[in-house]
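To start, the structure itself, in structure tokens.
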Amino acid sequence: MKSLHNFGDCQASLPILADDVLEFHAARLLLLFRVCGIAGRIDGLTKMAKLDFFVRYPQFFDEVCHHLGKDDSAPTISRSVESSMIRFHYGPWDSRYYHVLSYLEAKALIKVEQDGKMFRFMLTDIGKHIAKQTESSPAYANLVAHMTRVKKVLGAKAGSTLKDLVYEVFGEEVADRPLGDKIE
Numbered sequence: 028m029k030s031l032h033n034f035g036d037c038q039a040s041l042p043i044l045a046d047d048v049l050e051f052h053a054a055r056l057l058l059l060f061r062v063c064g065i066a067g068r069i070d071g072l073t074k075m076a077k078l079d080f081f082v083r084y085p086q087f088f089d090e091v092c093h094h095l096g097k098d099d100s101a102p103t104i105s106r107s108v109e110s111s112m113i114r115f116h117y118g119p120w121d122s123r124y125y126h127v128l129s130y131l132e133a134k135a136l137i138k139v140e141q142d143g144k145m146f147r148f149m150l151t152d153i154g155k156h157i158a159k160q161t162e163s164s165p166a167y168a169n170l171v172a173h174m175t176r177v178k179k180v181l182g183a184k185a186g187s188t189l190k191d192l193v194y195e196v197f198g199e200e201v202a203d204r205p206l207g208d209k210i211e
């Protein structure tokens with residue numbers, strides 16, 4: 028994964044995949060903090076990762092809604108997996124989180140505070156401004172609509188509750204996989 032600015036060094040004949048672009052992941056996480064957070068804040072890496080999992084895997088979100096009896100008629104954005112995640116100790120995880128979160132912090136778009144073992148992620152004023160602009164962009168309308176559904180159903184739950192829910196509902200797809208295995 029690298030910054031879009033560095034793709035000029037690549038051969039013109041090679042395709043650029045959105046999944047390889049740092050800013051793509053950064054924009055999604057900014058929106059996640061704004062739309063799924065409370066006042067632009069998400070408490071805990073586990074909660075952030077699980078909310079992001081349900082954003083990136085809409086079919087898993089539909090299944091968990093059914094499991095919770097929270098089915099609604101809103102259409103899911105896409106049935107395809109937006110970006111791969113791996114089986115980690117605490118459920119679905121993207122090893123790029125540390126890189127993207129560091130990027131957001133270095134650009135002064137988020138502030139990170141540690142409270143004991145928990146990390147609190149907060150949009151800064153400039154982060155809020157950029158997230159608000161991104162949220163209002165037609166290019167992100169479907170993603171924002173899906174994030175709004177994710178927040179409505181899962182936003183009030185703690186990270187550990189979301190982790191337990193993932194393991195309870197998705198045994199074969201997640202829990203039964205060896206650590207480090209890609210979730211598909």
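Okay, so the sequence shown: first residue is 28 according to the working numbering, each after it adds one.
Here a beta-carbon is modelled for each residue, glycine too, at the ideal position from N, C-alpha and C.
### Task
Starting from the C-beta of His116, find all residues in its chain whose C-beta is less than 6 Å away, skip the five residues before and the five after it, and write them out in chain order.
Unreliable placement is indicated for His116, whose pLDDT of 48 sits below 50; the coordinate value is still reported in the next sentence. Around His116, the same chain offers no residue with a beta carbon nearer than 6 Å, after the five sequence neighbours per side are excluded.
### Task
Enumerate in chain order the residues of its own chain whose CB-to-CB distance from Glu90 is below 7 Å, with the five nearest sequence positions on each side excluded.
Closer than 7 Å at Cβ, skipping near neighbours: Val196.
### Task
Spell out the partners DSSP gives Asp142 in its beta bridges.
Bridge partners of Asp142: Met145.
### Query
Is it the case that the Cβ atoms of Leu95 and Val193 are separated by a distance below 8 Å?
No; because the gap between Cβ atoms is not below 8 Å, this pair is not in contact.
### Task
May I ask which residues mark the beginning and end of the beta strand (DSSP E) holding Ile157?
Looking at the DSSP string, Ile157 is not in any beta strand (DSSP E); the run it does join, the alpha helix (DSSP H), is Asp152 to Glu162.
### Task
Compute the beta-carbon to beta-carbon distance between Arg68 and Arg147, rounded to the nearest angstrom, for a pair I have assumed lies under 8 Å.
Their Cβ separation, rounded to whole angstroms, is 6 Å, which keeps Arg68 and Arg147 in contact under 8 Å.
### Secondary structure of Asp231, DSSP reduced to three states
As displayed, the chain neither begins before 28 nor continues past 211, which places residue 231 out of reach and without an answer.
### Task
Use the C-beta contact count for Gly154: other C-beta atoms within 10 angstroms, 16 or more gives buried, fewer gives exposed.
Note on Gly154: 16 or more other CB atoms within 10 angstroms of its CB, so buried under the neighbour-count rule.
### Query
Mind checking if Ser163 is an interface residue toward chain D, Cβ cutoff 8 Å exclusive?
Although the question refers to chain D, the structure presented lacks it and comprises just one protein chain.
### Task
Output the boundary residues of the beta strand (DSSP E) element that contains Arg68.
Element bounds for Arg68: Arg68 to Asp70.
### Query
Where do the ends of the alpha helix (DSSP H) carrying Gly186 lie?
Run containing Gly186: Gly186 to Val196, per the alpha helix (DSSP H) assignment.
### Task
Could you work out which residue in Asp142, Val177, Phe88 and Lys184 is closest to Leu59 when comparing CA atoms only?
Considering only alpha carbons, the answer is Val177.
### Query
Can you tell me whether DSSP reads Lys77 as helix, strand or coil?
DSSP, read as helix, strand or coil, puts Lys77 in helix.
### Message
Using 8 Å for Cβ pairs, my map puts Ala53 next to Tyr130. What's the rounded Cβ distance?
### Response
Cβ atoms of Ala53 and Tyr130 come within 8 Å of each other, at about 6 Å.
### Query
Between which two residues does the alpha helix (DSSP H) containing Arg61 stretch?
According to the DSSP assignment, Arg61 belongs to no alpha helix (DSSP H), since it is labelled neither H nor E.
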